[in-house]
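J.: Under this note's numbering, the residue at position 134 of the sequence shown is numbered 137, and the numbers go up by one with no gaps.
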Amino acid sequence: MKAQRVSATGEHEFEPVRGLPDRLPPGEQMLWQGTPDGRRLALQAFHLRKLAIYFGVMIAWRFIDVLASSGSGLQAAASLLWPVPLAAAGLGLLALLAWLSARTTVYTLTNKRVVMRLGIVLTVTFNLPLSRLDAAALRQRRDGGGDITLRLLPPQRIAYLNLWPHARPWALSRPEPMLRALPDAQAVAHLLADALSATLAQPGAAGTAPDGLPATAALRPMRMGRPAVA
4 MKAQRVSATG EHEFEPVRGL PDRLPPGEQM LWQGTPDGRR LALQAFHLRK LAIYFGVMIA
64 WRFIDVLASS GSGLQAAASL LWPVPLAAAG LGLLALLAWL SARTTVYTLT NKRVVMRLGI
124 VLTVTFNLPL SRLDAAALRQ RRDGGGDITL RLLPPQRIAY LNLWPHARPW ALSRPEPMLR
184 ALPDAQAVAH LLADALSATL AQPGAAGTAP DGLPATAALR PMRMGRPAVA
């Protein structure tokens, strides 16, 4: 069973339950629901700080170059009349995209699956059953937030472009969904680890997914930073 695109509607107000395409069936319980932090998403996924530094260096270089060649501070300042607004517009657009992405994204964890509702213009919802997860990893960041990466059992696959920016960076050949910029990432990681363990402990699971493929019951590191929380 592949990770499934189950909804493609653009009107969130028609959702029977926020972030979900349908009401939870009997026996399924919501454990946690949240959204990315817009500021963290802008800095981490859209690299706003790095781009601001880049533009700042380029603008400073232009000012110094014109000042050295002309000897006129007025001319040097005048040479920035178009680069500065252009850089500001670009950074502002990226910040807006990050804010919209955070505002329209909802991550949901239940005792049976992870649901990702994504999309600014076209909303797409992905169902990721816990029994179809091969591994999960937590990246704890210095600001207290973090990201949780989910690795799907093969041959399940979601296109990288369908997930971005909610995908592990540069995992192009085997895209991995990511719950990004979570302010309470460690707490969510513990909930996910417990849910995975409970899923594998169910009768008939025997440490494997229903199709016989192995699945892990705890969060583990995936070469993406600090050790994961088990």
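Virtual Cβ for every residue (Gly too), placed ideally from N, Cα, C.
Measure the C-alpha to C-alpha separation of Ala-212 and His-50 and round it to an integer number of angstroms.
T.: At Ala-212, the pLDDT of 39 sits below 50, so the modelled position is not reliable; the number obtained from the coordinates is stated separately. Straight-line Cα distance between these residues: approximately 37 Å.
J.: Please state the DSSP three-state secondary structure of Met-48.
T.: In the sequence under discussion, the amino acid at residue 48 is Ala, which differs from the Met named in the question. Coil, per DSSP.
J.: Which residue marks the beginning of the beta strand (DSSP E) containing Asp-40, and which one marks its end?
T.: Neither: Asp-40 is in no beta strand (DSSP E) and is coded neither H nor E.
J.: Are the CB atoms of Val-109 and Thr-38 within a distance shorter than 9 Å?
T.: yes
J.: Please work out which residues of its chain come closer than 6 Å, Cβ to Cβ, to Arg-21, disregarding the five sequence neighbours upstream and downstream, and give them in chain order.
T.: none
J.: Would you mind reading off the limits of the beta strand (DSSP E) that contains Val-87?
T.: Premise fails: Val-87 lies in the alpha helix (DSSP H), 86-107, not in any beta strand (DSSP E).
J.: How about the stretch 148-159 and the stretch 168-181: do they share at least three Cβ pairs that are nearer than 8 Å?
T.: Touching, per the Cβ criterion.
J.: Could you tell me the alpha carbon to alpha carbon distance between Leu-23 and Thr-113, rounded to whole angstroms?
T.: 11 Å
J.: With DSSP as the reference, label Val-191 as helix, strand or coil.
T.: helix
J.: Apply the 10 Å Cβ neighbour rule to Ala-138 and answer buried if 16 or more other Cβ atoms are within range, or exposed otherwise.
T.: buried
J.: Under three-state DSSP, which class holds Thr-211?
T.: Caution applies to Thr-211, whose pLDDT of 40 falls short of 50 and renders its modelled position unreliable; the value that the coordinates give is listed next. Of the three classes helix, strand and coil, the one that applies to Thr-211 here is strand, per DSSP.
J.: Go through its chain and collect everything with a Cβ distance to Arg-116's Cβ below 7 Å, but skip five positions before and after it.
T.: Asn-130, Leu-131, Pro-132, Leu-133
J.: In terms of residues, what are the limits of the beta strand (DSSP E) holding Leu-141?
T.: For Leu-141, the uninterrupted beta strand (DSSP E) run begins and ends at 136-143, by DSSP.
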